[in-house]
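Below is one structure, written out as structure tokens; comments come after it.
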Amino acid sequence: MLISRSSRLKYNFSAEFFRPDGHVIFSDLASARAFASQMSTQHTDPVSATDLYALSLLDEAYHILLKYFYSRYTGVMGRAMSVLQSNLGSKYDLTLSKFTEEFPPMPVFRGEVTAGAYLSTNIPHFGDFGHGVRAAAIEEMLLIKNSNSNPALKKYKILVDEIVMDGTAYQEVMQLLLNFFARQPGFGNGAHGLGETLMDVLAAPIKASPDSLEGQLKFVVEKWGYLLGEAFSVRMWRGLDFLREEIIRKGQGPIDSTKGEKYIPNFAGYEYAEYERYSPDKDWMPRLVLLAKNTYVWLGQLSKKYQRDITTLDQIPDEELDLLASRGFTGLWLIGLWERSRASQRIKQRMGQDDAVASAYSLDSYDIADDLGDWDALNNLRSRAWSRGIRLSADMVPNHMGIDSTWVKDHPDWFLSSPYSPYPAYTFGSENLSDDSRVGIYLEDHYYDKTDAAVVFQRRDHHTGDVRYIYHGNDGTSFPWNDTAQLDYTNPVVREAVIQVILHVARNFPVIRFDAAMTLAKKHVQRLWFPEPGAGGAIPSRSQYGMTKFEFDEKVPEEFWREVVDRVAREVPDTLLLAEAFWLMEGYFVRTLGMHRVYNSAFMHMLRDEDNAKYRQAIKNTLEFDPQILKRYVNFMNNPDEKTAVEQFGNGDKYFGICTVLSTLPGLPMFGHGQVEGYSEKYGMEFRRAKWDETPDERLIRGHEWRIFPILHRRYLFADVEQFLLYDFYSPNGDVDEEVFAYSNRFNDERGLVVYHNKFSDTRGWIKSSAAYIDKASGKTLRRNLADGLGLPRVGYVIFKDFVTQLEYIRSCAEIWDNGMYIELGAYQCHAFMDWRFVGDSEWKSICDQLNGAGVSSMQAKWSEIFTVVEEVTIEAKIPAKKRAPRKTAGKVKTVKNKKEKVVAKKTKVAKVKSEKKEAAASKLVTKKAVVKPSVKKKESVAKKKQPASKKQTVEKIVSLTRTSDKKISSTEKPIVKKTARKKVEVNKKTPGSIKFSGVFR
0 MLISRSSRLK YNFSAEFFRP DGHVIFSDLA SARAFASQMS TQHTDPVSAT
50 DLYALSLLDE AYHILLKYFY SRYTGVMGRA MSVLQSNLGS KYDLTLSKFT
100 EEFPPMPVFR GEVTAGAYLS TNIPHFGDFG HGVRAAAIEE MLLIKNSNSN
150 PALKKYKILV DEIVMDGTAY QEVMQLLLNF FARQPGFGNG AHGLGETLMD
200 VLAAPIKASP DSLEGQLKFV VEKWGYLLGE AFSVRMWRGL DFLREEIIRK
250 GQGPIDSTKG EKYIPNFAGY EYAEYERYSP DKDWMPRLVL LAKNTYVWLG
300 QLSKKYQRDI TTLDQIPDEE LDLLASRGFT GLWLIGLWER SRASQRIKQR
350 MGQDDAVASA YSLDSYDIAD DLGDWDALNN LRSRAWSRGI RLSADMVPNH
400 MGIDSTWVKD HPDWFLSSPY SPYPAYTFGS ENLSDDSRVG IYLEDHYYDK
450 TDAAVVFQRR DHHTGDVRYI YHGNDGTSFP WNDTAQLDYT NPVVREAVIQ
500 VILHVARNFP VIRFDAAMTL AKKHVQRLWF PEPGAGGAIP SRSQYGMTKF
550 EFDEKVPEEF WREVVDRVAR EVPDTLLLAE AFWLMEGYFV RTLGMHRVYN
600 SAFMHMLRDE DNAKYRQAIK NTLEFDPQIL KRYVNFMNNP DEKTAVEQFG
650 NGDKYFGICT VLSTLPGLPM FGHGQVEGYS EKYGMEFRRA KWDETPDERL
700 IRGHEWRIFP ILHRRYLFAD VEQFLLYDFY SPNGDVDEEV FAYSNRFNDE
750 RGLVVYHNKF SDTRGWIKSS AAYIDKASGK TLRRNLADGL GLPRVGYVIF
800 KDFVTQLEYI RSCAEIWDNG MYIELGAYQC HAFMDWRFVG DSEWKSICDQ
850 LNGAGVSSMQ AKWSEIFTVV EEVTIEAKIP AKKRAPRKTA GKVKTVKNKK
900 EKVVAKKTKV AKVKSEKKEA AASKLVTKKA VVKPSVKKKE SVAKKKQPAS
950 KKQTVEKIVS LTRTSDKKIS STEKPIVKKT ARKKVEVNKK TPGSIKFSGV
1000 FR
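Heads up: the sequence shown runs through residues 0 to 1001, numbered per numbering that gives the first Met the number 0.
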């Protein structure tokens, strides 16, 4: 770009920036930074190098377009100058001379020649008439005029201000040129340019994006990239990257890569189409239920609970481990076990957190922290936990280390760095954060006063004098993690060193969680640190290190995580690898990279926000693409980076409903620290102890004991996907109610059906048919109805228990086959039906009809209430006569009915059996309604024979009728009903009273 004499003098620019014709051309961003640095010395605020680089690119692009125009219309500039000469005469020459003096080429600027002499010079290779220095000056006048009309250049107008042309015919020249080019042929050929005049072309980017250099660059490269050529277009895209980086650096809004957290996955994209290579599960993996604990905070809470100091891992009480096991937790994720960065702790304490430890993700090394008891304490805890069926889990953060870690000191070449500071405004005069006399570690000064968040820190080698600027860890979504140093994964030595550490951790922990794992997928390593042209902007200053995809693939030929999975499978095979991965990569991580489990943040976000239709669609898309992905999700209601579960979901019906879904969907359920206890505080990674004095919510704990923990102990029933089905819930008008989640699963002969209404409203409807799912064997998309999904027989009745209300229900199997199941649900109402068993015979039909969908506490008790008989039994006892020696009493129990009599059922209050003989002898009998000891009552003696009188007593004997209907019926058999002779009794047919229940089922 051509700049004015006055601006050159004002800023005292070095001659190295200028070509002989006076143009400033920035070959790279570094040269633009140097230019901006000279300008900044006379400004309060730093001048943006990226803006200057963009100005230069726009100027070059305009020159390329003008050259194209001249090539299409030979001699057009010569004709334009003829118009100027004929209309203005000498004023034209004077104006041209004045412009050359004010926007001088180098010989004129240095005073070696006059402007007039320079304008009479012929420049070789300019071509036909009109392409001499005078034509070049006219061209520059057009571009200077265009720049002064550009609002986006307002801050830099001093470089191109046309005010220096006042007092000349400059404005007349511009108007004549405008009129001339308006009458010339159009710029384009109809296919691209649509016939714009030359002046339209120059003004088009400004009209498209008047206040944004980024917008103008994008407009030019997208519309005329085919004319600019590939090499220059790449530079244009890089310029856009630099501008985006500057926006982030100034804190005007990072690029939010987390927007995909509430996406509906459709599994479209190259990463899902590459190949399928799941890692097989060990037997224990599908049944894992993980509980997270911030280690330091937990030890403090245990100290308070048990009224003694508990500071190391081996001091964790057996009682606490027993409690976790009794609740159904089989995995314990201990956050913050490793030896942490001392520099990280100093930074946090300097910023006002006096009691802080270092961040759990700013590590010195992967050794158990000394103040937690080191490896011996871990071995003790691991052994005791394992004896209770609990596996320990640890974190790894392989994308970075602490800024003062052993690796930073001993292997600085393992980290992304630069020999110079990426931004001139950065200064490094603060305290040395290193304990090692060999090396100095310096955080950028502006961090401490919170006026900047630098992307690098300074490492000084006190022995060699080497100074380098190492990049902080960064995922491009917010500010850099200022207590970390980013490893260079294009270096194969680094990749192997990290894999060795992972293998070391795997030998000590059967479950490993990889923090921010998506940042080490090839796609994102390149996007963040070595971006392709036009794909930069995530991390300030990294676009200048960008590569093409081909160049990057040569440096990183294989996915790092695929290497990790394969090595662990060979060397430490009984290890579950769990990835925290977002950004639409969940399926790719388990299906292609082979991770056993992957985070599913959509579960938390969508159910919390009641985006029920979206989450149901997410499940449907997964089932139609590959149900195995669903099995490998980690579902959670909070995690260390999110608000607590009680803050997001409350502690009422919505919480327990979603927690039931968490516990019963395929995948791995993960409970957060304090979730069961109802703690509200979010624990930072630097917390040594909880800052809020909270006590456990006993009501919430009791709710878990009643509703959640029993389900966790049945985790095997819900963990897999081979028998998992998601159902649509049809309202009476035939529409699908997207607010209801209904799904079933099976394991061997056990069944589970879960129904949850995630809305503050009432609803009712039918569950009958499932959503579509892919049958991978045939490649077909299939559906099944509810009865088939549950494996119900077509005849008989099924009894099942709701583990939420503890009520049992009975249904006709045939009705479920024909119509499905009718359910009425209130706000946030949930049911978890398990313990399904099959019965037959007419008595169960009678019960089913009587209950009409209602639940009872025990279906067997209900049967006994209706079909149990009370039978009278006569007991005779001989009583010795007066004044005679006592004789042995002969007891005789006589049953009034014989075994061959038929059963006669009558609707009476109490079923009694009486014969005419009994009625005649009623005066001689004592009747009671329970089995009691005979009470002896004297009777007049018989005259002829002085034999002992007999004493008779009638009792009611409770008889349960043994029926073939009590026998379970397999799902493949029809119930067999045998007719047997029964005692003649009257059966109580009392209709039970009204029972309150949580839902109506038919």
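For glycine and all other residues, C-beta sits at the position ideal for the given N, C-alpha and C. Every value quoted in this text rests on a predicted model; they were computed, and no experiment measured them.
A contact is defined here as three or more CB-CB pairs under 8 Å, and the region 794 to 811 fails this definition with respect to the region 764 to 783.
In terms of Cα proximity to T547, the closest of V524, V563, E562 is V524.
Cβ-Cβ distances below 6 Å link G214 to S208 in the same chain, with the five nearest sequence neighbours on each side left out; the list follows chain order. Looking at P316, S325, V660, the one whose alpha-carbon comes closest to that of Q828 is V660.
Under the DSSP assignment, V524 falls in the alpha helix (DSSP H) whose first and last residues are 521 to 528. Judged by DSSP secondary structure, N638 falls outside any beta strand (DSSP E); it is assigned neither H nor E. With the rule of 3 Cβ pairs closer than 8 Å, the region 630 to 650 counts as touching the region 594 to 608. Remark: three or more beta-carbon pairs, one from each stretch, lie closer than 8 Å, so the region 754 to 764 and the region 818 to 832 are flagged as touching. Distance from the Cα of S477 is smallest, within the candidate group I538, Y425, H461, for I538. Residue ranges of uninterrupted alpha helix (DSSP H) with 4 or more members, entirely inside the region 467 to 548 and ordered along the chain, are 491 to 505, 521 to 528. Taking the Cα of P572 as reference, the smallest distance to any Cα among A505, N620, A580, A516 is reached at A505. Uninterrupted beta strand (DSSP E) stretches at least 3 residues long and entirely within the region 357 to 391 occur at 362 to 367, given in chain order. In the DSSP assignment, R109 falls outside any beta strand (DSSP E) and carries neither an H nor an E. Under the three-state reduction of DSSP output, V794 falls in the coil class, being neither helix nor strand. Taking Y117 as the centre and dropping the five residues before and after it, the same chain places the C-beta of T99, P104, P106, V107, V132 closer than 7 Å to its C-beta, in chain order.
The beta carbon of V466 is closer than 6 Å to those of R459 in its chain, skipping five residues each way along the sequence. Judged by pairs of C-beta atoms under 8 Å, the region 739 to 747 does not touch the region 679 to 688, as fewer than three such pairs exist.
Taking 9 Å as the cut-off, the beta carbon of G671 is found no closer than this to the beta carbon of L239.
Where A860 is concerned, the enclosing alpha helix (DSSP H) starts and stops at 858 to 866. For the pair M603 and E558, the CB atoms are not nearer than the 9 Å cut-off.
DSSP places Y61 in the helix class (H, G or I) of the three-state scheme. A484 is the residue among Q627, N650, A484 whose C-alpha sits nearest the C-alpha of S361.
Pairing P530 with T310, the inter-Cα distance amounts to about 46 Å. Comparing alpha-carbon positions, the option among R713, E697, N637 lying closest to K681 turns out to be N637.
DSSP, reduced to helix, strand and coil, places V855 within a strand of the structure shown. By the criterion of a C-beta distance shorter than 7 Å, A136 is surrounded in its chain by L95, F98, T99, L118, once the five residues flanking it on both sides are discounted.
Under DSSP, Q457 takes part in a beta bridge, and its partners are Y441, Y468. Looking at S417, S429, P285, the one whose alpha-carbon comes closest to that of R345 is S429. A453 has its alpha-carbon roughly 10 Å from the corresponding atom of F427. Taken in chain order, the whole beta strand (DSSP E) runs of length 3 or more contained in the region 275 to 308 are 289 to 293. Boundaries of the alpha helix (DSSP H) harbouring Y614: 611 to 624, taken from the DSSP string. In this structure, the CA atom of P532 is about 32 Å from the CA atom of S6. For Y470, the closest C-alpha among the options T463, G464, F456 is that of F456.
By the C-beta criterion, the region 408 to 420 is judged not to be in contact with the region 301 to 308, since fewer than 3 inter-stretch pairs fall below 8 Å.
F179: member of the alpha helix (DSSP H) spanning 169 to 181, first to last residue. Under DSSP, D774 takes part in a beta bridge, and its partners are K779.
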